[in-house]
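Asker: Chains as they are written, first to last, in the numbering used here: chain A, 1 to 82; chain B, 1001 to 1664.
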């Protein structure tokens, strides 16, 4: 189960972006690549959240949660119509 | 929506809600199952140019041509499926459209409820006929498809909220939800917070997990959380038993009627080899025992319309569906494919006694069409989720109720009104129920208020809707809860039933800014990362020298949780506790003097409520005045509860706040 990828939402502290990145999307991508070469980035969020979503293994998600500027790594939750 | 505008008084208050260019500048974003753009409800006749600030898109797809789908009414249509597809694999385009097109019906229903243009001669198979129109028919609508056959994923929802805010939506309507969870783990709450911070009103459904306690979704205080009530409209269908007794149920069946003389009538539980045959689950009925007969089924587990299909497939001639204790007397109408009616628990029990009384029982069902003027109405739907708030007990939820039972609105062109694969009927409008239906009513009303008061904050609009809501029928009796047959409590209806003509001129509002919610997070002892997750645009830390309290959040309602004091032997002591709440009201009317009155009712104890000051004098519009409320109560056994009300009035306006008391 630890190796099965699933989707996560990664919330980032935008103000902690290292100076070497010109755009937040580059930082998000680099953060993702630091834990996985193959992880698929789903969305970047810039307005109502700062961060991105990606498909990761649980181990990759744990590793990402320890990266600089990551404030939360939340599992992608299923909601239902009412 | 052939009835709700009248039921909500919108027909009597045209002057209060001028259908002006103001309203046409408001864009409601609906996050749902997409849209069937060919519906007349999206007709843009009379609409001017798309608002200058609109940045949205109408995306192209195989079955979605923007040139034909979007217009000056439906100004945006997008879909978000990356999260869904990453979890469940590629969308099977033989089963659902990878486009904004709505193959389900739910999204077309909610979007037309909020904003649909007026469509004369609307009905579902002749039922509920009239002119269908959304609550804000002059508003524009943008749809964001986030829900698919396998569900709606938070990564897609957050992406859609992000897009909707960027696009320029003023109101967001989300008829979906998840479990009760801390706000920093809830993507709807996170997205809604940042939308609110940008002036966007977010209205969400409360959930359909009622009538159990603490069953609500969408609990964040910056969300308007909407429960469901009935209209004064019904669709009676009468069960006539062979013994001459009649019982009234509801149905939207419109095919060939049953014979007027009773035919054989059997209980499903006696026409099956299954221990749960009474529920009419697929494959459980014995055709030789039900062929040509009316079958009594009981509610539960599988969908109501599927039970009818099970009876039909087994050769049954009709179905009487009986509520059990879980649903009580709540009657939700369905457009069954065979003659069928739903009856309440009491009637169901009597009918069951009859059908079990012998081998030769008979019955028939007579369909009564559409009935208007049903009283009492509204009553709280049993399915409507209830408080208390499982995340923050000090914040009362739901916020209010709105029509959500047997609502007619637009429907998809690819599914029948029951949604069953075997239902080949195609309808322009459908009648369905849920807090999904009540939410877009409030979203549309929020659009109306935003059109009239473009400078009001999301919190002010929410406050106006809440403090003007009513809790009594015109005869003075309290709104009833169909689940109990008793007066509804604030945990059922929040501030009460929405009353738009009053909401447009509320007198006072309880305003809130994003900064106030940051203090609220401090009161909840949220950590800096947790706060940063919800409010990423702020570099905020709580001030260790400052006193924070949830009771200081300027909410338009009060939830007062007392802790039960226990003595050394574990029994309740006679001590009293005082909890103090702080509020600030803003005068949005003329200069006036408001006086406070309070009421409270708690079984087993007496509560003292002190408002200080009890008189607020406003000399100008926009002035703010603060007051405190002290609630002093004895220690009562854990599980005790009560309710009350605080009303500020200047003789013209009634600014009401519900109060809910609990002991834990």
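All C-beta atoms, glycine included, are put in the ideal place defined by N, C-alpha and C.
(1) How far does the beta strand (DSSP E) with residue 11 (chain A) in it reach, from first residue to last?
(2) What does residue 76 (chain A) reach in chain B if we use C-beta pairs closer than 7 Å?
(3) Specify, as a first and last residue, the run of the alpha helix (DSSP H) that residue 1280 (chain B) falls within.
(4) Three or more C-beta pairs closer than 8 Å, one from the region 1632-1644 of chain B and one from the region 1438-1451 of chain B: is that the case here?
(5) With DSSP collapsed to three states, give me the class of residue 1144 (chain B).
(6) Going along chain B, which residues have a C-beta under 7 Å from residue 82 (chain A)?
(7) Starting from the Cα of residue 1640 (chain B), find the closest Cα among B:1646, B:1327 and B:1604 and give me that residue.
(8) Give a yes or no on whether the minimum CB-CB distance between residue 1334 (chain B) and chain A is below 9 Å.
(9) Under three-state DSSP, which class holds residue 1036 (chain B)?
(10) Run through chain A and tell me which residues come within less than 8 Å of residue 1191 (chain B), C-beta to C-beta.
(11) Check for me: the alpha helix (DSSP H) holding residue 27 (chain A) runs from which residue to which?
(12) Just grab the DSSP bridge partners of residue 1319 (chain B) for me.
(13) Can you check DSSP and say which residues form a bridge with residue 48 (chain A)?
(14) Between residue 1335 (chain B) and residue 1254 (chain B), which are expected to be in contact by the criterion C-beta below 8 Å, what is the C-beta distance as a whole number of angstroms?
(15) Give the straight-line distance between the Cα atoms of residue 1262 (chain B) and residue 1297 (chain B), rounded to the nearest whole angstrom.
(16) If distances are taken between C-alpha atoms only, which option among B:1074, B:1107 and B:1014 comes closest to residue 1411 (chain B)?
(17) Give the C-beta separation of residue 1325 (chain B) and residue 1345 (chain B) to the nearest angstrom, bearing in mind that I take them to be a contact with Cβ-Cβ under 8 Å.
(18) Find the nearest neighbour of residue 1394 (chain B) within the set B:1354, B:1559, B:1161 and B:1299, judged by alpha-carbon distance.
(19) Out of curiosity, what's the CA-to-CA distance linking residue 1289 (chain B) and residue 1386 (chain B)?
(20) Decide if residue 1078 (chain B) is buried, meaning its Cβ has at least 16 other Cβ atoms within 10 Å, or exposed.
(21) Measuring alpha carbon to alpha carbon, tell me which residue in A:3, A:8 and A:4 is nearest residue 1153 (chain B).
(22) Could you tell me whether any non-hydrogen atom of the ligand COA is closer than 8 Å to the CB of residue 1595 (chain B)?
(23) Identify the contact partners of residue 72 (chain A) in chain B, using a Cβ-Cβ distance below 9 Å as the criterion.
(24) Taking C-beta to C-beta, are residue 54 (chain A) and residue 42 (chain A) nearer than 9 Å?
(25) Are the CB atoms of residue 1593 (chain B) and residue 1617 (chain B) nearer to each other than 9 Å?
(26) How big is the Cα-Cα spacing for residue 1463 (chain B) and residue 1164 (chain B)?
(27) Write down every uninterrupted run of the alpha helix (DSSP H) in the region 1187-1255 of chain B whose length is 4 residues or greater and which is fully enclosed by it, in chain order.
(28) Cβ of residue 57 (chain A) less than 9 Å from any chain B Cβ?
(29) Going along chain A in order, which residues have a C-beta closer than 9 Å to the C-beta of residue 1195 (chain B)?
(30) Just list the residues that DSSP pairs residue 1064 (chain B) with in beta bridges.
(31) Determine, using beta-carbon pairs with one atom in the region 1518-1526 of chain B and one in the region 1537-1552 of chain B, whether at least three such pairs fall under 8 Å.
(32) Taking CB distances under 9 Å as the criterion, tell me whether residue 1217 (chain B) reaches chain A.
(33) Could you spell out where the beta strand (DSSP E) holding residue 80 (chain A) opens and where it closes?
(34) What first and last residue would you give for the beta strand (DSSP E) that runs through residue 1587 (chain B)?
(35) In this structure, does DSSP put residue 1133 (chain B) in helix, strand or coil?
(36) Short of 8 Å in beta carbon distance, which residues of its chain neighbour residue 1590 (chain B), apart from the five on each side in sequence? Order them along the chain.
Answerer: According to the structure data:
(1) 6-12
(2) For residue 76 (chain A), the chain B residues whose Cβ falls inside 7 Å of its Cβ are 1083, 1087, 1153, 1154 and 1155, in order along the chain.
(3) Neither: residue 1280 (chain B) is in no alpha helix (DSSP H) and is coded neither H nor E.
(4) no
(5) strand
(6) 1175, 1176, 1177, 1205, 1207, 1208, 1434, 1435 and 1436
(7) Looking at the Cα atoms, B:1604 is the closest of the given residues.
(8) It does not: the Cβ of residue 1334 (chain B) has no partner Cβ on chain A nearer than 9 Å.
(9) Looking at residue 1036 (chain B) - three-state DSSP - the assignment turns out to be coil, as it is neither helix nor strand.
(10) Residues of chain A passing the Cβ test: 48 and 49.
(11) 24-33
(12) B:1295 and B:1340
(13) Checking the DSSP bridge columns, you'll see residue 48 (chain A) has no partner listed.
(14) Rounded to whole angstroms, the Cβ separation of residue 1335 (chain B) and residue 1254 (chain B) is 7 Å, and the two are in contact under 8 Å.
(15) 18 Å
(16) B:1107
(17) 6 Å
(18) B:1559
(19) 41 Å
(20) Residue 1078 (chain B) comes out buried.
(21) The candidate whose alpha carbon is nearest that of residue 1153 (chain B) is A:8.
(22) The ligand COA is not part of this structure, which contains no ligands at all.
(23) 1184, 1185, 1529, 1530, 1532 and 1533
(24) yes
(25) yes
(26) Inter-residue distance for residue 1463 (chain B) and residue 1164 (chain B) is about 23 Å (C-alpha atoms, whole angstroms).
(27) 1187-1197
(28) no
(29) 47 and 48
(30) Per DSSP, B:1061.
(31) yes
(32) Using beta-carbon distances, residue 1217 (chain B) counts as an interface residue toward chain A, with a partner under 9 Å.
(33) 78-81
(34) 1576-1587
(35) coil
(36) 1621
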